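There are 2 protein chains.
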Amino acid sequence: MDYPNFSFEVLKIAATSRARLGRIYTPHGVVETPNFIFCATKAAIKGGTPQMMREEGSQIILSNTYHLMLQPGAELVRKMGGLHKFMGWDGPMLTDSGGFQIFSLGYGSVADEIKGRRSTERPKTLLKISEEGATFKSYLDGKKQVLTPEKSIQIQRDLGADLIVVFDECTPFHVDKSYTARSMRMSHRWGLRSLEEFQRGASGVQALYGIIQGGVYPDLRQESAQFVNDHGFFGHAIGGSLGASKSQMTDVVGMTASQLAPERPIHLLGIGGVSDIINGIRQGIDTFDCVHPTRIARHGGALVPRHLRDEFGTPHKEHINIRNARFQEDVNPIDSTCGCTTCQHFSRGYLHHLLKAKELLAMTAITTHNVHFMNRLMTSLRNALQEDRYEDEVKFWE
Amino acid sequence: MDYPNFSFEVLKIAATSRARLGRIYTPHGVVETPNFIFCATKAAIKGGTPQMMREEGSQIILSNTYHLMLQPGAELVRKMGGLHKFMGWDGPMLTDSGGFQIFSLGYGSVADEIKGRRSTERPKTLLKISEEGATFKSYLDGKKQVLTPEKSIQIQRDLGADLIVVFDECTPFHVDKSYTARSMRMSHRWGLRSLEEFQRGASGVQALYGIIQGGVYPDLRQESAQFVNDHGFFGHAIGGSLGASKSQMTDVVGMTASQLAPERPIHLLGIGGVSDIINGIRQGIDTFDCVHPTRIARHGGALVPRHLRDEFGTPHKEHINIRNARFQEDVNPIDSTCGCTTCQHFSRGYLHHLLKAKELLAMTAITTHNVHFMNRLMTSLRNALQEDRYEDEVKFWE
Chain A
0 MDYPNFSFEV LKIAATSRAR LGRIYTPHGV VETPNFIFCA TKAAIKGGTP QMMREEGSQI
60 ILSNTYHLML QPGAELVRKM GGLHKFMGWD GPMLTDSGGF QIFSLGYGSV ADEIKGRRST
120 ERPKTLLKIS EEGATFKSYL DGKKQVLTPE KSIQIQRDLG ADLIVVFDEC TPFHVDKSYT
180 ARSMRMSHRW GLRSLEEFQR GASGVQALYG IIQGGVYPDL RQESAQFVND HGFFGHAIGG
240 SLGASKSQMT DVVGMTASQL APERPIHLLG IGGVSDIING IRQGIDTFDC VHPTRIARHG
300 GALVPRHLRD EFGTPHKEHI NIRNARFQED VNPIDSTCGC TTCQHFSRGY LHHLLKAKEL
360 LAMTAITTHN VHFMNRLMTS LRNALQEDRY EDEVKFWE
Chain B
0 MDYPNFSFEV LKIAATSRAR LGRIYTPHGV VETPNFIFCA TKAAIKGGTP QMMREEGSQI
60 ILSNTYHLML QPGAELVRKM GGLHKFMGWD GPMLTDSGGF QIFSLGYGSV ADEIKGRRST
120 ERPKTLLKIS EEGATFKSYL DGKKQVLTPE KSIQIQRDLG ADLIVVFDEC TPFHVDKSYT
180 ARSMRMSHRW GLRSLEEFQR GASGVQALYG IIQGGVYPDL RQESAQFVND HGFFGHAIGG
240 SLGASKSQMT DVVGMTASQL APERPIHLLG IGGVSDIING IRQGIDTFDC VHPTRIARHG
300 GALVPRHLRD EFGTPHKEHI NIRNARFQED VNPIDSTCGC TTCQHFSRGY LHHLLKAKEL
360 LAMTAITTHN VHFMNRLMTS LRNALQEDRY EDEVKFWE
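Top line first, the protein sequences correspond to chains A and B. Following numbering that gives the first Met the number 0, the numbering of the first sequence begins with 0 at its first residue and continues without gaps. Following numbering that gives the first Met the number 0, the numbering of the second sequence begins with 0 at its first residue and continues without gaps.
#1: Could you list the residues in the segment 36-49 of chain A with a C-beta less than 8 angstroms from some C-beta on chain B, going in chain order?
#2: Grab me the residues of E328 (chain A)'s own chain with a C-beta within less than 7 angstroms of its C-beta, minus the 5 sequence neighbours each way, in chain order.
#3: Of all the residues that make up the segment 347-358 of chain A, which are near chain B by a beta-carbon distance shorter than 7 angstroms?
#4: Secondary structure at H266 (chain B), three-state DSSP: helix, strand or coil?
#5: Would you call the segment 374-386 of chain B in contact with the segment 355-365 of chain B, where contact means no fewer than 3 C-beta pairs closer than 8 angstroms?
#6: Once you ignore the five residues that flank I101 (chain B) on each side, which residues in its own chain have a CB closer than 7 angstroms to its CB?
#7: How about F172 (chain B) and G242 (chain B): do their beta carbons lie closer than 9 angstroms?
#8: Thinking C-alpha only, which one of B:K355, B:D334, B:L353 is nearest R375 (chain B)?
#9: Counting only C-beta atoms, is T363 (chain A) closer than 9 angstroms to chain B at any point?
#10: Report yes if the CB atom of P26 (chain A) is closer than 9 angstroms to the CB atom of F5 (chain A), and no otherwise.
#11: Which residues in chain B have a C-beta closer than 7 angstroms to the C-beta of K78 (chain A)? List them in chain order.
#12: Buried or exposed for Y389 (chain B), please, with buried defined as at least 16 other CB atoms from any protein chain shown within 10 angstroms of its CB.
#13: Taking all protein chains shown into account, do 16 or more other C-beta atoms lie within 10 angstroms of the C-beta of A324 (chain B), making it buried, or fewer, making it exposed?
#14: Any C-beta of chain A sitting closer than 9 angstroms to the C-beta of S108 (chain B)?
#15: Please state whether the Cβ-Cβ distance between L162 (chain A) and F99 (chain A) is less than 9 angstroms.
#16: Whole angstroms is fine: what's the gap from E112 (chain B)'s alpha carbon to S240 (chain B)'s?
#17: Sort A:K11, A:Q58, A:Y2 by Cα distance to D288 (chain A) and report the nearest one.
#18: If you drop the 5 nearest sequence neighbours on each side, which residues of the same chain put their C-beta closer than 7 angstroms to that of Q83 (chain A)?
#19: Listing by chain order, which chain B residues have their CB less than 9 angstroms from the CB of T340 (chain A)?
#20: Since G87 (chain A) meets chain B, which of its residues come closer than 8 angstroms, beta carbon to beta carbon?
#21: Taking the Cβ atom as the reference point for each residue, do C38 (chain A) and S103 (chain A) lie within a distance shorter than 9 angstroms?
#22: Using beta carbons (cut-off 9 angstroms, strictly below), is H298 (chain A) in contact with chain B?
#23: In the segment 144-158 of chain B, which residues sit with their C-beta less than 7 angstroms from some C-beta in chain A, listed in chain order?
#24: Is S193 (chain A) near the ligand FAD, with its Cβ less than 8 angstroms from a heavy atom?
#25: Can the beta-carbon of A42 (chain B) be found less than 9 angstroms from the beta-carbon of L353 (chain A)?
#26: Give the secondary structure of A13 (chain B) by DSSP, where H, G and I count as helix, E and B as strand, and everything else as coil.
#27: Give a yes or no on whether 9 angstroms exceeds the smallest Cβ distance from H318 (chain A) to chain B.
#28: Rounded to whole angstroms, what is the Cα-Cα separation between Q153 (chain B) and G47 (chain A)?
#29: Just curious, the beta strand (DSSP E) that Q221 (chain A) is in, first and last residue?
#30: Quick check: Q227 (chain A) and A260 (chain A), are their CB atoms within less than 9 angstroms of each other?
#31: The beta strand (DSSP E) spanning C342 (chain A) covers which residue range?
#32: Would you decide whether N369 (chain A) is buried or exposed? Buried here means 16 or more other CB atoms lie within 10 Å of its CB.
#33: For chain B, check one thing: does any of its Cβ atoms lie closer than 9 angstroms to the Cβ of P91 (chain A)?
#34: Bridge partners of C289 (chain A), per DSSP?
#35: If we ignore side chains and look at the alpha-carbon of each, how far apart do T313 (chain B) and Y24 (chain B) end up?
#36: G200 (chain A) to F85 (chain A), Cα distance in whole Å?
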């Protein structure tokens, strides 16, 4: 499989880890790596505008096939000129396959389990998994929906993102090794069907990522890495359970990434914590995505470098909560070293007031800050890799 | 009373109406009149940022004493450097006196009654009105609060807006003439006490508006106009009931404005409908304020010129509702003649999707459009006044 309009270039590999500096070229521009992909779940960044995203330094966003197929529908997005035009974002964009949300909503909460947290109770919407695909109920109207590898690729073709992803089953943490193995092999067959459907309709404006499954089991991860390496994917995304602890995540990500074809970009699905990113980069991850930075913003959580978390007594978290009464009369910006629009104009005291008064501006202002923070973090880590001082640089952040 | 750092300049008066073109000079810049003042009720434009407000052409905003005295408190705003610094708005700003909300929440709904609509049931929070002032329960915590003319001015001094307003009783529509007369005379005494308190603490950075009451009664409006003309206010604001119909509003506003000192700017409180503004300007009104443009935006209402309302079958309204299913696949911007950020980047179909998906961006994008619309309306009306073609220009809008 050729991707004439895409390429991935590795500029440098760190001396003391697998961390690497690179560039992903797409028809909508370049993504410098390592980088973070912001989630525009339903074709919109919650609390943001495309202009804000650009102004605060974002290079790439993603949108979710699962949500968009249900509302407004892929056909409508295609008629409206594709996702880039529809949502007014002209930079690089990724869509996922829909699998994660089907199985996440279906089983309860895969997202929590991937990160080793206890599952919370949610209505189960997954009706059936078979070799053909997955049958589930729409969370909007309860109607039965079927998603197969072919359909996921067709939908993603209609949406028109630059980078798209094969359809897979995302297994929860609690399943045993034999289920994980069976599921992984079905995901491989789904991966091949996704690739075949992709090739049937390929017009050169999209590139396909394969997904590595296998849970926390080294032999399964190895088998899955071998599978994706052997087929014509443009890039690789690490999915499935990464274990129950930070150290297990490091192990799983490390052993997986180290076996992946080095000439292809590697994405780590659904991970966006600062220390997880810093660790992931050491293991050779090129891109990350997560709703975390924009989600915590809407609840008053502002991402800050380590010294500020220490100062405010929250070194175990990666943010300070502006709702805290201590910020009520604070005339300082969230972070005086930050160059974002919010830190240029608003004090912590004002943001605290906005949160208490439930003003929309609280959400948009802190989202703006967190987007800038993530881009600043990634830029500083790239610069540090360039200048061979990654382990020094991370001390400012972690 | 001198206002050395403020002035009002009348540049031109229309040949066929009392419409006038002018400029209000404040320490934070110039307001070209006629103009519209956007409501940043709790020190924030709902759905907007200060930067957006500037970019879309806004010259002046207002904030509400009633809300800010309860949260975060005027003392805190003063400590934080005043309202301009607190909320990051460096342009001209007005605060009201708190009276309107006390009596509006207290009686049920003054806002509806001013505009001749039926009152809806709400919890009554007004505990007592006396010569001294008003006692009411905080809508936040139920605590008893007292607002007097002196306290209103002190709070507005702490807040630090450029233009501030005397404390008055805002009578509902249903009260009779004798109540209206008694209330008006008390408001005059409150106006004098407000002026005295203003003079005691005057530092030259604020200018005081007097309020004309008198309901729909010509003799009372005349008496009230005489009162404000006779005292050292910088400007005049028309308050109280304007009647039960559009034509009565025109009559009340017309007979009131015509009796006001022509060298002072005239504000019409709480009015923001397009045709009401167009009419008000004919009667000699210089500034207007209302939550209408930003409030309807949050529910999908996009202000558009007349031909678009006709096209979509809503000539009786001043907006089109983007929630309407007809916009689902519409690739056009809200208004192809509009230069706002939203119309440059987003289609009606995309905004329709955002509304259905309950995305925050729906609110901020349509608010951006409506803010631009109001500023474009006011600019076009000013240009038309300048060029003696006001009655032609209004046909595009009304």
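Idealized CB from N, CA, C, for every residue including glycine. Just so it is clear, the structure is predicted and the values come from calculations on it, not from any experiment.
So, from the data block:
#1: K41, A42, A43, I44, K45, G46, G47, T48, P49
#2: Here the question's residue 328 (chain A) lines up with position 329 in the first sequence. Contacts found: G348.
#3: Result list: G348, Y349, H352, L353, K355, A356, E358.
#4: Here residue 266 (chain B) refers to the residue found at position 267 when the second sequence is read from its first residue. DSSP places H266 (chain B) in strand when its eight states are reduced to three.
#5: With a cut-off of 8 angstroms, the segment 355-365 of chain B and the segment 374-386 of chain B do not count as touching, because too few Cβ pairs lie within range.
#6: The sequence position of residue 101 (chain B) within the second sequence is 102, counting from 1. Y65, L125, A133, F135, L146.
#7: One-based indexing of the second sequence puts residue 172 (chain B) at position 173. One-based indexing of the second sequence puts residue 242 (chain B) at position 243. Yes, they are a contact pair.
#8: Walking along the second sequence from the start, residue 375 (chain B) turns up at place 376. In terms of Cα proximity to R375 (chain B), the closest of B:K355, B:D334, B:L353 is B:D334.
#9: Locating residue 363 (chain A) in the first sequence gives position 364, counting from the first residue. Residue-level contact by beta carbon holds for T363 (chain A) and chain B, with a gap shorter than 9 angstroms.
#10: Translated into positions along the first sequence, residue 26 (chain A) becomes position 27. Translated into positions along the first sequence, residue 5 (chain A) becomes position 6. Closer than 9 angstroms, so yes.
#11: For the purposes of this step, residue 78 (chain A) is identified with residue 79 of the first sequence, where counting begins at 1. Simply E328.
#12: Here residue 389 (chain B) is taken as the residue at index 390 of the second sequence, counted from 1. Label assigned to Y389 (chain B): buried.
#13: Within the second sequence, the letter at position 325 stands for residue 324 (chain B). Burial call: exposed.
#14: Counting from one through the second sequence, the residue named residue 108 (chain B) turns up at place 109. Reliability fails at S108 (chain B), whose pLDDT of 49 lies under 50, so the model's placement of it is uncertain and the value that follows must be treated cautiously. Judged by the 9 angstroms Cβ criterion, S108 (chain B) is not in contact with chain A.
#15: Residue numbering aside, residue 162 (chain A) sits at position 163 when the first sequence is read from its first letter. Residue numbering aside, residue 99 (chain A) sits at position 100 when the first sequence is read from its first letter. The beta carbons of L162 (chain A) and F99 (chain A) sit no closer together than 9 angstroms.
#16: Here residue 112 (chain B) refers to the residue found at position 113 of the second sequence. Here residue 240 (chain B) refers to the residue found at position 241 of the second sequence. A caution first: E112 (chain B) carries a pLDDT of 47, below 50, which makes its placement in the model unreliable, though a value can still be read off. The straight-line gap from Cα to Cα measures roughly 7 angstroms.
#17: Walking along the first sequence from the start, residue 288 (chain A) turns up at place 289. Among A:K11, A:Q58, A:Y2, the Cα nearest to that of D288 (chain A) belongs to A:Q58.
#18: Sequence index remark: in the first sequence, residue 83 (chain A) carries index 84 (1-based). It is His, not Gln, that sits at residue 83 (chain A) in the sequence shown. For H83 (chain A), where only same-chain residues beyond five positions count, the Cβ hits under 7 angstroms are H27, D89, M92, G159.
#19: As a working note, residue 340 (chain A) is residue 341 in the first sequence. Result: T48, Q50.
#20: Within the first sequence, numbered from 1, the residue matching residue 87 (chain A) stands at position 88. Here the neighbours are H344, F345, Y349.
#21: The residue labelled residue 38 (chain A) in the question sits at position 39 within the first sequence. The residue labelled residue 103 (chain A) in the question sits at position 104 within the first sequence. No, the pair does not count as a contact, with Cβ atoms beyond the cut-off.
#22: Translated into positions along the first sequence, residue 298 (chain A) becomes position 299. For H298 (chain A), no CB of chain B lies under 9 angstroms from its own CB, so it is not counted at the interface with that chain.
#23: So nothing in the stretch comes that close.
#24: As far as ligands go, the structure on display features none, and thus does not contain the ligand FAD.
#25: For the purposes of this step, residue 42 (chain B) is taken as residue 43 along the second sequence, with counting starting at 1. For the purposes of this step, residue 353 (chain A) is taken as residue 354 along the first sequence, with counting starting at 1. Yes, Cβ-Cβ distance for A42 (chain B) and L353 (chain A) is below 9 angstroms.
#26: Here residue 13 (chain B) refers to the residue found at position 14 when the second sequence is read from its first residue. DSSP places A13 (chain B) in coil when its eight states are reduced to three.
#27: Locating residue 318 (chain A) in the first sequence gives position 319, where the first residue counts as 1. Taking Cβ atoms only, chain B never reaches closer than 9 angstroms to H318 (chain A), which makes this a no.
#28: As a working note, residue 153 (chain B) is residue 154 in the second sequence. As a working note, residue 47 (chain A) is residue 48 in the first sequence. In a straight line, the C-alpha of Q153 (chain B) is about 38 angstroms away from that of G47 (chain A).
#29: The residue labelled residue 221 (chain A) in the question sits at position 222 within the first sequence. Note, Q221 (chain A): premise wrong, no beta strand (DSSP E); alpha helix (DSSP H) at 217-229.
#30: Along the first sequence, one-based indexing puts residue 227 (chain A) at 228. Along the first sequence, one-based indexing puts residue 260 (chain A) at 261. It should be pointed out that residue 227 (chain A) corresponds to Val in this sequence rather than to Gln. Result yes, Cβ atoms of V227 (chain A) and A260 (chain A) sit closer than 9 angstroms.
#31: Within the first sequence, residue 342 (chain A) is the residue found at index 343, counting from 1. Note, C342 (chain A): premise wrong, no beta strand (DSSP E); alpha helix (DSSP H) at 340-344.
#32: Within the first sequence, numbered from 1, the residue matching residue 369 (chain A) stands at position 370. Classification of N369 (chain A): buried, given that the 10 Å Cβ count is 16 or more.
#33: Taking the first residue of the first sequence as 1, we reach residue 91 (chain A) at position 92. No, P91 (chain A) does not count as interfacial toward chain B.
#34: To locate residue 289 (chain A), count along the first sequence from 1; it is residue 290. Answer by DSSP bridge pairing, in chain order: A:F37.
#35: Residue numbering aside, residue 313 (chain B) sits at position 314 when the second sequence is read from its first letter. Residue numbering aside, residue 24 (chain B) sits at position 25 when the second sequence is read from its first letter. Distance between the alpha carbons of T313 (chain B) and Y24 (chain B): 39 angstroms.
#36: Start at 1 with the first residue of the first sequence, and residue 200 (chain A) comes out as number 201. Start at 1 with the first residue of the first sequence, and residue 85 (chain A) comes out as number 86. Whole-angstrom Cα-Cα distance: 22 angstroms.
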